[in-house]
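Asker:
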Amino acid sequence: MPDRRRYFTRYIPVAVVLLLTGVLTVSCYHCSSTPKPEPALPAGVPIVRVLISRSVESVNIGTTGPYEIHADGSVVARSMSSLPEGKLSRRDGRWSLHAAKYTADELTIVAVGQSCVRVGSGLYRSKVVFNADAVRPGSPKSGGGMLAVNHLDMESYLTGVLARELYKSWHISAYRAQAIAARTYAFYEIRTFGQTHRYDLRSDQSSQVYGGFSAETDKARRAVETTRGIVMAIGPEGNERVFKAYYSSCCGGMTNSAYVLSGPPITSGPLAGGQKCDDCKASSRYRWPAVTVPKKIIFRALSKRYKQIADLGELKTIESVKEAGADDAFPRTVWINVVGTNGKKVRIRAEDLRISLLRDGQTQGLYSMNCRIRDTGEAVVFDRGRGFGHGVGLCQWGAQGKAIRGCSVQEILQSYYPGAKLFRAY
Ligand SMILES: [Zn+2]
-19 MPDRRRYFTR
-9 YIPVAVVLLL
1 TGVLTVSCYH
11 CSSTPKPEPA
21 LPAGVPIVRV
31 LISRSVESVN
41 IGTTGPYEIH
51 ADGSVVARSM
61 SSLPEGKLSR
71 RDGRWSLHAA
81 KYTADELTIV
91 AVGQSCVRVG
101 SGLYRSKVVF
111 NADAVRPGSP
121 KSGGGMLAVN
131 HLDMESYLTG
141 VLARELYKSW
151 HISAYRAQAI
161 AARTYAFYEI
171 RTFGQTHRYD
181 LRSDQSSQVY
191 GGFSAETDKA
201 RRAVETTRGI
211 VMAIGPEGNE
221 RVFKAYYSSC
231 CGGMTNSAYV
241 LSGPPITSGP
251 LAGGQKCDDC
261 KASSRYRWPA
271 VTVPKKIIFR
281 ALSKRYKQIA
291 DLGELKTIES
301 VKEAGADDAF
311 PRTVWINVVG
321 TNGKKVRIRA
331 EDLRISLLRD
341 GQTQGLYSMN
351 CRIRDTGEAV
361 VFDRGRGFGH
371 GVGLCQWGAQ
381 GKAIRGCSVQ
391 EILQSYYPGA
401 KLFRAY
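So the sequence shown is residues -19 to 406, counted in the working numbering.
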């Protein structure tokens, strides 16, 4: 979505702390300094598992046509008619729907034929699996809530993504480029995050925005159909691997390295950044005015996410540790030191400061960390701001600008993921 915000909620830091030159570095559980091998190419249409709801006590569900209900994999109900809307709830290890009770860990509503499953106000293809709210299989179940996860084929999933990620009026080539990037990203997540979780992707800006069947548009379907099975990959011939094809709303003039998000510095490859992009100037966030945030708000927002920061007393200042920009007029702060009134410092990624402030909800207009950070005493000012989102990989506004200029889908993708090859995996 052009006004997207990528929260990276899955990357909530979990106390991986490194004592380095007197500064605590708070990192994320996925931020290993040793890159993991990238997954191989898909060999068939993958099934995607998308988290559409969690931590709710109950939810209204139904179907638009024929359905089956499975309890722990066994069929417990089926009908050629639709399932009337009713409240699904879970209590004491049992599911309750209309007058029926099901003793099972997992309850699945399967849409048969052209039917869809209704969950809340949304319609979803294929099936929706309900589990007690435990994100990882085998982990302790939390009190009473549930997860709702839509299982469906990759191509149908992408149609529900594109319709939410891009404006309806945008060029079909921008849609096709986005389809290939989103397919690559999703496949990477299936093979990594999804291997140890009950779902592969969330349905919000923390991964890819997904609106299900209800969001689908003809243009989104067309873009997905005409790029069916195409993903991007890197690596030597015969040993190509997919990579995490990040993208964001507006890069502000130059793409960022994925180093701003996680992992070690990257000097080459499709996520190394540094690609000039003048095609996103139509975005209202290409440049944005200074944002002033009181230190108390910054400290509160960071303390919620980082225990180490809560122990700093109060916020004395924010220090920009490194500016990995191409020139001084284009600063890229990757790391910041959060300095406490007790004299201690905690180092975090600048992007995590932005995400913390977004979640806190009191700060408007801090659209990226492509900005300068200034201390004014009571507050911190973020000025010379450029772009919206993390700026890594494809720039959605830039893809639209390039498409209008007549660039092909391949040219658009090459400009944002240099060196990546296109493959039709199925
Ligand atoms: Zn751009």
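Cβ atoms here follow ideal geometry from the backbone N, Cα and C, with glycine treated the same way.
So what does DSSP say about R(-14), is it helix, strand or coil?
Answerer: Note that R(-14) scores a pLDDT of 39, beneath 50, so its modelled location is shaky; the value from the coordinates is reported in the next line. The answer is coil: DSSP assigns R(-14) none of H, G, I, E or B.
Asker: Go through its chain and collect everything with a Cβ distance to S388's Cβ below 8 Å, but skip five positions before and after it.
Answerer: S153, listed in sequence order.
Asker: Can you name, in chain order, every residue of its own chain whose Cβ lies under 7 Å from the Cβ of Q394, other than the five neighbours on each side?
Answerer: Result list for Q394: empty, nothing under 7 Å.
Asker: Using alpha carbons as the reference points, say which of L346, W315 and S300 lies closest to G243.
Answerer: When each option's Cα is compared against that of G243, the closest is W315.
Asker: Buried or exposed, going by whether 16 or more other CB atoms sit within 10 Å of the CB of H177?
Answerer: Buried, because 16 or more other Cβ atoms sit within 10 Å of the Cβ of H177.
Asker: Taking the alpha carbon of G341 as the point to measure from, which residue in C375, D52 and K284 has its own alpha carbon closest?
Answerer: Of C375, D52 and K284, the residue nearest in Cα terms is K284.
Asker: What is the DSSP secondary structure of V189, counted as helix, strand or coil?
Answerer: The answer is coil: DSSP assigns V189 none of H, G, I, E or B.
Asker: How far does the alpha helix (DSSP H) with M134 in it extend, from its first residue to its last?
Answerer: Segment M134 to E145, the alpha helix (DSSP H) holding M134.
Asker: Which residues in the same chain have their Cβ closer than 7 Å to the Cβ of R156, if we skip the five residues on either side of it in sequence?
Answerer: Hits under 7 Å: A203, T206, T207 and V389.
Asker: Assign L241 to one of three DSSP states: helix, strand, or coil.
Answerer: Note: L241 maps to coil in three-state DSSP.
Asker: With DSSP run on the structure shown, which of helix, strand or coil describes C8?
Answerer: In this predicted model, C8 has a pLDDT of only 36, less than 50, meaning its place in the structure is not dependable; the value taken from the coordinates is given anyway. Residue state, collapsed to three classes: coil.
Asker: Short check: CB of A270 to CB of D363, under 9 Å?
Answerer: Yes. Within cutoff.
Asker: Who does C230 pair with in a DSSP beta bridge?
Answerer: Looking at the DSSP assignment, C230 forms a beta bridge with F368.
Asker: At the level of alpha carbons, what is the spacing between S69 and I41?
Answerer: Computed Cα separation, rounded: 10 Å.
Asker: So, for A195: in the same chain, excluding its five sequence neighbours on each side, which residues have a beta-carbon less than 6 Å away from its beta-carbon?
Answerer: Result list for A195: G140, A143 and R144, in chain order.
Asker: Give the secondary structure of I49 by DSSP, where H, G and I count as helix, E and B as strand, and everything else as coil.
Answerer: In this structure, I49 counts as strand in the three-state DSSP scheme.
Asker: Taking the alpha-carbon positions, what's the I384 to V30 distance?
Answerer: Looking at the two C-alpha atoms, the distance is approximately 32 Å.
Asker: Determine the burial state of S61: buried for a count of at least 16 other Cβ atoms within 10 Å of its Cβ, exposed for fewer.
Answerer: Classification of S61: exposed, given that the 10 Å Cβ count is below 16.
Asker: Ordered along the chain, which non-local residues of its own chain (more than five positions away) have a Cβ less than 6 Å from that of V361?
Answerer: Correct list, in chain order: A270, T272 and R354.
Asker: Flag D259 as yes when its Cβ comes closer than 8 Å to any non-hydrogen atom of ligand 1, and as no otherwise.
Answerer: Yes, ligand 1 has a heavy atom inside 8 Å of this Cβ.
Asker: Per DSSP, which residues does V99 bridge with? Please list them.
Answerer: V99 pairs with I41 and G102.
Asker: Have a look at the DSSP bridge pairing and note the partners of Y396.
Answerer: DSSP lists no partner for Y396.
Asker: With a CB to CB cut of under 7 Å and the five nearest residues on each side skipped, what residues in its chain are close to E300?
Answerer: Rather than Glu, the amino acid found at residue 300 in this sequence is Ser. The residues are T313, I316 and I353.
Asker: Hey, how far is the Cα of Y9 from the Cα of S149?
Answerer: Because Y9 sits at a pLDDT of 31, beneath the cut-off of 50, its placement in the model cannot be relied upon, and the following sentence gives the value as read from the coordinates. C-alpha separation (whole angstroms): 39 Å.
Asker: Name the residue from C230, Y47 and K199 whose alpha carbon lies nearest to the alpha carbon of C260.
Answerer: Selected option, being the one with the closest Cα: C230.
Asker: Runs of 4 residues minimum, wholly inside the region 249 to 311: which ones carry the alpha helix (DSSP H) assignment?
Answerer: You should have 275 to 285 and 287 to 290.
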